[in-house]
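Here the protein sequences line up with chains A, B, C and D, keeping their order.
Numbered by the numbering used here, the letters in the first sequence go through residues 1 to 209 in order.
Numbered by the numbering used here, the letters in the second sequence go through residues 210 to 418 in order.
Numbered by the numbering used here, the letters in the third sequence go through residues 419 to 627 in order.
Numbered by the numbering used here, the letters in the fourth sequence go through residues 628 to 836 in order.
Glycine residues also receive a C-beta, built at the ideal position from the N, C-alpha and C atoms.
4 protein chains.
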Amino acid sequence: MTDQRRPSAGVARRSETSRRAVLTAAFELAAEVGYAKLSIEGIAARAGVGKQTIYRWWPSKGAVLFDAFLMFTTGEPGEGGGGESVEEAALPDTGDVEADLKTVMFATVDELNDPRYDRTMRALSIEIAHDADLAALYAERLNRPMRELKKRRLRAAQEAGQLAADLDLDVAVDLLWSPLLVRWLHREGPLTHEYAAALVETALGGMRP
Amino acid sequence: MTDQRRPSAGVARRSETSRRAVLTAAFELAAEVGYAKLSIEGIAARAGVGKQTIYRWWPSKGAVLFDAFLMFTTGEPGEGGGGESVEEAALPDTGDVEADLKTVMFATVDELNDPRYDRTMRALSIEIAHDADLAALYAERLNRPMRELKKRRLRAAQEAGQLAADLDLDVAVDLLWSPLLVRWLHREGPLTHEYAAALVETALGGMRP
Amino acid sequence: MTDQRRPSAGVARRSETSRRAVLTAAFELAAEVGYAKLSIEGIAARAGVGKQTIYRWWPSKGAVLFDAFLMFTTGEPGEGGGGESVEEAALPDTGDVEADLKTVMFATVDELNDPRYDRTMRALSIEIAHDADLAALYAERLNRPMRELKKRRLRAAQEAGQLAADLDLDVAVDLLWSPLLVRWLHREGPLTHEYAAALVETALGGMRP
Amino acid sequence: MTDQRRPSAGVARRSETSRRAVLTAAFELAAEVGYAKLSIEGIAARAGVGKQTIYRWWPSKGAVLFDAFLMFTTGEPGEGGGGESVEEAALPDTGDVEADLKTVMFATVDELNDPRYDRTMRALSIEIAHDADLAALYAERLNRPMRELKKRRLRAAQEAGQLAADLDLDVAVDLLWSPLLVRWLHREGPLTHEYAAALVETALGGMRP
DNA sequence: CTGTAATCGAGACGGTACGTCGAGTCTTGGG
DNA sequence: CCCAAGACTCGACGTACCGTCTCGATTACAG
Numbered sequence: 001m002t003d004q005r006r007p008s009a010g011v012a013r014r015s016e017t018s019r020r021a022v023l024t025a026a027f028e029l030a031a032e033v034g035y036a037k038l039s040i041e042g043i044a045a046r047a048g049v050g051k052q053t054i055y056r057w058w059p060s061k062g063a064v065l066f067d068a069f070l071m072f073t074t075g076e077p078g079e080g081g082g083g084e085s086v087e088e089a090a091l092p093d094t095g096d097v098e099a100d101l102k103t104v105m106f107a108t109v110d111e112l113n114d115p116r117y118d119r120t121m122r123a124l125s126i127e128i129a130h131d132a133d134l135a136a137l138y139a140e141r142l143n144r145p146m147r148e149l150k151k152r153r154l155r156a157a158q159e160a161g162q163l164a165a166d167l168d169l170d171v172a173v174d175l176l177w178s179p180l181l182v183r184w185l186h187r188e189g190p191l192t193h194e195y196a197a198a199l200v201e202t203a204l205g206g207m208r209p
Numbered sequence: 210m211t212d213q214r215r216p217s218a219g220v221a222r223r224s225e226t227s228r229r230a231v232l233t234a235a236f237e238l239a240a241e242v243g244y245a246k247l248s249i250e251g252i253a254a255r256a257g258v259g260k261q262t263i264y265r266w267w268p269s270k271g272a273v274l275f276d277a278f279l280m281f282t283t284g285e286p287g288e289g290g291g292g293e294s295v296e297e298a299a300l301p302d303t304g305d306v307e308a309d310l311k312t313v314m315f316a317t318v319d320e321l322n323d324p325r326y327d328r329t330m331r332a333l334s335i336e337i338a339h340d341a342d343l344a345a346l347y348a349e350r351l352n353r354p355m356r357e358l359k360k361r362r363l364r365a366a367q368e369a370g371q372l373a374a375d376l377d378l379d380v381a382v383d384l385l386w387s388p389l390l391v392r393w394l395h396r397e398g399p400l401t402h403e404y405a406a407a408l409v410e411t412a413l414g415g416m417r418p
Numbered sequence: 419m420t421d422q423r424r425p426s427a428g429v430a431r432r433s434e435t436s437r438r439a440v441l442t443a444a445f446e447l448a449a450e451v452g453y454a455k456l457s458i459e460g461i462a463a464r465a466g467v468g469k470q471t472i473y474r475w476w477p478s479k480g481a482v483l484f485d486a487f488l489m490f491t492t493g494e495p496g497e498g499g500g501g502e503s504v505e506e507a508a509l510p511d512t513g514d515v516e517a518d519l520k521t522v523m524f525a526t527v528d529e530l531n532d533p534r535y536d537r538t539m540r541a542l543s544i545e546i547a548h549d550a551d552l553a554a555l556y557a558e559r560l561n562r563p564m565r566e567l568k569k570r571r572l573r574a575a576q577e578a579g580q581l582a583a584d585l586d587l588d589v590a591v592d593l594l595w596s597p598l599l600v601r602w603l604h605r606e607g608p609l610t611h612e613y614a615a616a617l618v619e620t621a622l623g624g625m626r627p
Numbered sequence: 628m629t630d631q632r633r634p635s636a637g638v639a640r641r642s643e644t645s646r647r648a649v650l651t652a653a654f655e656l657a658a659e660v661g662y663a664k665l666s667i668e669g670i671a672a673r674a675g676v677g678k679q680t681i682y683r684w685w686p687s688k689g690a691v692l693f694d695a696f697l698m699f700t701t702g703e704p705g706e707g708g709g710g711e712s713v714e715e716a717a718l719p720d721t722g723d724v725e726a727d728l729k730t731v732m733f734a735t736v737d738e739l740n741d742p743r744y745d746r747t748m749r750a751l752s753i754e755i756a757h758d759a760d761l762a763a764l765y766a767e768r769l770n771r772p773m774r775e776l777k778k779r780r781l782r783a784a785q786e787a788g789q790l791a792a793d794l795d796l797d798v799a800v801d802l803l804w805s806p807l808l809v810r811w812l813h814r815e816g817p818l819t820h821e822y823a824a825a826l827v828e829t830a831l832g833g834m835r836p
């Protein structure tokens, strides 16, 4: 998103050291103090970097946070390449969709219940909610790969005849995960395995008798 | 939430004029400029009110916004009493759950697609996302009544045998509405009637064959 | 220059405490670190005052410095009233113009040779040199009274027949003091009593045989 | 001052093109924007030169300005040699000191009243006022030759018996030119031919009756 | 004619200060 | 006691330059 480093004739290249220091500082600060007190000044100070270095390479605080998240979540790259690790990962497949979905959603629940992850993810979520550009970036770089993974598992189930042949997998993914996200983000209730299980069961079986 | 007006023997009581001016200003500013540029200073100025008057009666910017939303959404009261209008309202009931749910969700979709409502609601959502107190308040005063309405309609369908007898209505409500909210808040895709319809159909029928 | 405090209906008046803290800090910092490292940020910090308070009441760093100089030089007032002390002061008058002028100019020389006064005065001089508004202010509020004093003494000598009847006293004052100032400001040579004495003698007697 | 080019066995020598581009840019910028907005970055940009090239050859912004002034004032050289043109120049000598002095001082007055020269000279004056090294350089390289010229003319008058035999010519030069400089630098009043004439007349005749 | 070392343009870097905005607190005078 | 007005301290914003530091790419002697 961020730099598309011009390999131009001119010169003077971006400092990889600074880039990593900034992203590390951003990630740690987000986890420690949360969105409200996350300032560019603070990130620069903690990273031992001039503010201008941040403004030079990222368009907004949210963009820094996003890249930080990207770096610590997917392998590394930050912008150009990769996320290979994500692409190669896969959701568990024991042959039992229901059980597998529960396994995965329980993990999500546990993650969101971890205070450090909660603060980081919440900060990112808030930034995404009021920055359309960042939202697009998030959808493409972080959400899409995750969604692909989920859809892949569901597609396997579909092919095994465990899910309806005409099921729209995107809708299915939303049906399963969105309630979790909303309950977490708006703190509408306790985020438990029970709730996640109920979600899976109801979504699979449908609301009708 | 907000004021628990001390009915003290002493003297001067809260100015209703100022209260309404503040909430009106907050609501309008939120709709016009969005979360990012919504400042207490701006609200006070537009309301023709001293900043202290805001700080005296509300604990945070989010609280003002919440009250503003409350005032313009439910009838009026703001804090003490009512929301009667909501309590008395009801979702349409033609006897066809699926059709009725679509009607209601189409309305939600249309609302969220209106730029003014989008900005206001987004500002409120963001405040809720990083203020647990406000989240509790929101859950109780704005979300709960709406959820009751929805559950009431679902319960009717349940009693009519159109929904499973053991269906957890809270889970059902989440299953239907959360995906809408997430897609809107994180701009994960276009918010259309088609999407809402697919949601209703899949949730009702379930994902299995 | 500075505030013309509006006694308006509204309210909220300027804090005298802050004003004095700022001027004191500015004066001391100028004396300690000199023009080059005199920053508004530094003044605010040393004064224990928000930067905005400086920007609210003074249009420039030079204006602060000027007011500081005014406060520590003339009695007090800073802007509205006074400088009475200056108005009432007088140059020595022993009846011997030459001796009296030397006395006064020796004092000036000594002052300019004091490092603290040098730094302060130099900072002020530089600000004046590149800010026409400040220059006007300086001419009116600091320079004019001093010049009046000098002219008064010269006028007495004129009336006593020691100076030419048609002598332009402004020109005379410039003739005496400007060389001192230039030599000091541009460090064109050592600033000594000898030099000052030569100035007085030559100016009085003229360059002709 | 500036480079003491090491004639090292090694290699590559200073680019004359860059040197002139820098000095030209500095001179023009000073004339256009004045001291306050004269930045090394700006000079480098306008000269099409890397910042390092400036820092490599000059110790300070003032030094660049000084060299620029030198180049555009005296013939050329910049540092090593010359100013021959100045050495060879001479003040007019009609045999009438008073008239000749007025001629020269009127020219000075006119120069200082030219906005472009005013800004340049003012910038230089300010730099000199807070940089002792630069002041020494200025005294030696720009002021001394000018002063020599003036003293030479005065010495001629002295030998012709028009000036006192024991007159200190340095004091005389200061007496005549300093008031002009102060009035200009501190904008103490209009810089006119009348004022210059009065200066000459009073200095020559003395203040006494 | 070629290697080699300094200089060149460009511009990123860690910093300091700028001048502005808004937060939340405090003070004043009027109702 | 509330209210408007607005000054206060404080902290962060995003920008401009500082002076230092790489980067290739010239460039001009020395071999």
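Given 8 Å as the limit, is there contact between the stretch 550-568 of chain C and the stretch 760-768 of chain D, that is, 3 or more CB pairs closer than that? Contact fails: fewer than three Cβ-Cβ distances are below 8 Å.
With DSSP collapsed to three states, give me the class of serine 478/C. Translated into positions along the third sequence, residue 478/C becomes position 60. Secondary structure at serine 478/C: coil, using DSSP grouped into helix, strand and coil.
Is the Cβ-Cβ distance between glycine 623/C and glycine 788/D less than 9 Å? Working through the third sequence from its first residue, we reach residue 623/C at position 205. Working through the fourth sequence from its first residue, we reach residue 788/D at position 161. Contact check for glycine 623/C against glycine 788/D fails: the beta carbons are separated by 9 Å or more.
Counting C-beta neighbours from all protein chains within 10 Å, is the total for lysine 777/D 16 or more, i.e. buried, or is it exposed? Taking the first residue of the fourth sequence as position 1, residue 777/D is located at position 150. Burial is judged here by how many other beta carbons sit within 10 angstroms of a residue's own beta carbon; lysine 777/D has at least 16 and is buried.
For the stretch 247-261 of chain B, list every residue whose C-beta sits within 9 Å of some C-beta in chain A, in sequence order. Listed by position along the chain: nothing, the set is empty.
Contact criterion: CB-CB distance below 9 Å. Does histidine 395/B meet it with respect to chain A? Within the second sequence, residue 395/B is the residue found at index 186, counting from 1. For histidine 395/B, the answer is yes, since a Cβ of chain A falls inside 9 Å of its Cβ.
Could you tell me whether the Cβ of histidine 757/D comes closer than 9 Å to any Cβ of chain C? Position 130 of the fourth sequence, counted from the start, is the residue given in the question as residue 757/D. Chain C, which has a Cβ nearer than 9 Å to the Cβ of histidine 757/D, makes this yes.
Alpha carbon to alpha carbon, what distance is there between methionine 280/B and glycine 287/B? Start at 1 with the first residue of the second sequence, and residue 287/B comes out as number 78. Start at 1 with the first residue of the second sequence, and residue 280/B comes out as number 71. Its pLDDT being 46, under 50, glycine 287/B is placed unreliably by the model, and nothing is read from it.
Could you tell me which chain C residues have their CB closer than 9 Å to the CB of alanine 716/D, listed as they occur along the chain? As a working note, residue 716/D is residue 89 in the fourth sequence. What alanine 716/D touches in chain C: nothing, since even the nearest Cβ is about 21 Å away.
Reference glutamate 828/D; option with closest CA among Arg810/D, Val724/D and Ile681/D: Reading the fourth sequence from its first residue, position 201 is the one you call residue 828/D. Of the listed residues, the one whose Cα sits closest to glutamate 828/D is Val724/D.
Is the CB of tyrosine 244/B under 9 Å away from at least one CB in chain A? As a first step, residue 244/B must be located in the second sequence, where it is residue number 35. Interface annotation, tyrosine 244/B: in contact with chain A, CB-CB separation under 9 Å.
Proximal chain B residues relative to serine 60/A, where beta-carbon distance stays under 8 Å: Residue 60/A sits at position 60 when you count from the first residue of the first sequence. Proximity of chain B to serine 60/A at the Cβ level (cut-off 8 Å) is not reached, the minimal Cβ distance being about 11 Å.
Can you pull the chain B neighbours of arginine 155/A, defined as C-beta to C-beta under 9 Å? For this step, residue 155/A is matched to residue 155 along the first sequence. What arginine 155/A touches in chain B: nothing, since even the nearest Cβ is about 12 Å away.
With contact counted as at least three CB pairs below 8 Å, one residue from each stretch, are the stretch 606-615 of chain C and the stretch 519-537 of chain C in contact? Cβ pair count under 8 Å is three or more, so yes.
Along the chain, where does the alpha helix (DSSP H) containing glycine 513/C start, and where does it finish? Along the third sequence, one-based indexing puts residue 513/C at 95. Premise fails: glycine 513/C is in no alpha helix (DSSP H) and is neither H nor E.
Could you list which residues in chain C have their beta carbon closer than 8 Å to that of valine 798/D, in chain order? In the fourth sequence, counting from the first residue as 1, residue 798/D sits at position 171. Simply Pro597, Tyr613, Ala616, Leu617 and Thr620.
Does glutamate 643/D come out as helix, strand or coil in the three-state DSSP assignment? Counted from its first residue, the fourth sequence places residue 643/D at position 16. The answer is helix: DSSP assigns glutamate 643/D an H, G or I state.
Around the Cβ of serine 224/B, are there at least 16 other Cβ atoms within 10 angstroms (buried) or fewer (exposed)? Sequence index remark: in the second sequence, residue 224/B carries index 15 (1-based). Classification of serine 224/B: exposed, given that the 10 Å Cβ count is below 16.
Would you call aspartate 166/A buried or exposed, if buried means 16 or more other Cβ atoms sit within 10 Å of its Cβ? The residue labelled residue 166/A in the question sits at position 166 within the first sequence. Classification of aspartate 166/A: exposed, given that the 10 Å Cβ count is below 16.
Could you confirm whether any beta carbon from chain A is found closer than 9 Å to the beta carbon of arginine 223/B? As a first step, residue 223/B is located in the second sequence; it is residue number 14 there, counting from the start. When Cβ-Cβ separations below 9 Å define contact, arginine 223/B makes no contact with chain A.
Is it right to say glutamine 631/D is buried, meaning 16 or more other beta carbons lie within 10 angstroms of its own, or is it exposed? Residue numbering aside, residue 631/D sits at position 4 when the fourth sequence is read from its first letter. Low confidence applies here, because glutamine 631/D scores a pLDDT of 40, under 50, leaving its location unreliable and the question unanswered by this model.
Measure the alpha-carbon distance for serine 478/C versus glutamate 606/C and round it to whole angstroms. The residue given as residue 478/C occupies position 60 in the third sequence. The residue given as residue 606/C occupies position 188 in the third sequence. Rounded to whole angstroms, serine 478/C to glutamate 606/C spans 30 Å at the Cα level.
For alanine 830/D, three-class secondary structure by DSSP: For the purposes of this step, residue 830/D is taken as residue 203 along the fourth sequence, with counting starting at 1. If DSSP states are grouped into helix, strand and coil, alanine 830/D belongs with the helices.
Pick from Met121/A, Arg122/A and Ile126/A that is closest to alanine 332/B, judged by C-alpha positions: Position 123 of the second sequence, counting from 1, holds the residue named residue 332/B. Here the closest residue by C-alpha is Ile126/A.
Where tyrosine 453/C falls, given that 16 or more other Cβ within 10 Å makes a residue buried: Here residue 453/C refers to the residue found at position 35 of the third sequence. With 16 or more other Cβ atoms within 10 Å, it is buried.
The alpha helix (DSSP H) that contains valine 380/B, what's its start and end? Start at 1 with the first residue of the second sequence, and residue 380/B comes out as number 171. First-last of the alpha helix (DSSP H) with valine 380/B: 378-394.
Reference alanine 89/A, options Lys102/A, Thr73/A and Ile54/A, closest by Cα: Walking along the first sequence from the start, residue 89/A turns up at place 89. Closest option to alanine 89/A, judged by alpha-carbon separation, among Lys102/A, Thr73/A and Ile54/A: Thr73/A.
What residues from chain D crowd round isoleucine 417/C, counting only those whose CB sits closer than 7 Å? This structure leaves residue 417/C out entirely; chain C is present only between 419 and 627.
Per-residue contacts from arginine 628/C into chain D (C-beta, under 9 Å): The question about residue 628/C has no answer here: the residues shown for chain C are numbered 419 through 627.
Please determine, among Asp795/D, Val676/D, Arg683/D and Ala652/D, the residue with the shortest C-alpha to C-alpha distance to leucine 692/D. Against the fourth sequence, residue 692/D aligns to sequence position 65. The shortest Cα separation from leucine 692/D among Asp795/D, Val676/D, Arg683/D and Ala652/D belongs to Ala652/D.
Short of 6 Å in beta carbon distance, which residues of its chain neighbour phenylalanine 654/D, apart from the five on each side in sequence? Order them along the chain. By 1-based counting over the fourth sequence, the position of residue 654/D is 27. Contacts found: Ala695 and Phe699.
With a 10 Å radius around its C-beta and 16 neighbouring C-beta atoms as the bar for buried, classify serine 666/D as buried or exposed. Working through the fourth sequence from its first residue, we reach residue 666/D at position 39. Serine 666/D should be labelled exposed.
Run down chain D in chain order and give the residues with a C-beta less than 9 Å from the C-beta of asparagine 561/C. As a first step, residue 561/C is located in the third sequence; it is residue number 143 there, counting from the start. Those are His813 and Glu815, listed as they occur along chain D.
With a Cβ-Cβ cutoff of 9 Å, do valine 798/D and leucine 617/C count as a contact? If you number the fourth sequence from 1, residue 798/D lands on position 171. If you number the third sequence from 1, residue 617/C lands on position 199. Yes, they are a contact pair.
What residues in its chain sit with their C-beta under 7 Å from that of phenylalanine 315/B, if we drop five residues either side in the sequence? Residue 315/B sits at position 106 when you count from the first residue of the second sequence. Apart from the 5 residues on each side of it in sequence, phenylalanine 315/B sits with its Cβ closer than 7 Å to the Cβ of His402 and Ala405 in its chain, given in chain order.
Below-9 Å beta-carbon distance, proline 533/C vs any chain D residue: In the third sequence, the residue the question calls residue 533/C occupies position 115. So, not an interface residue.
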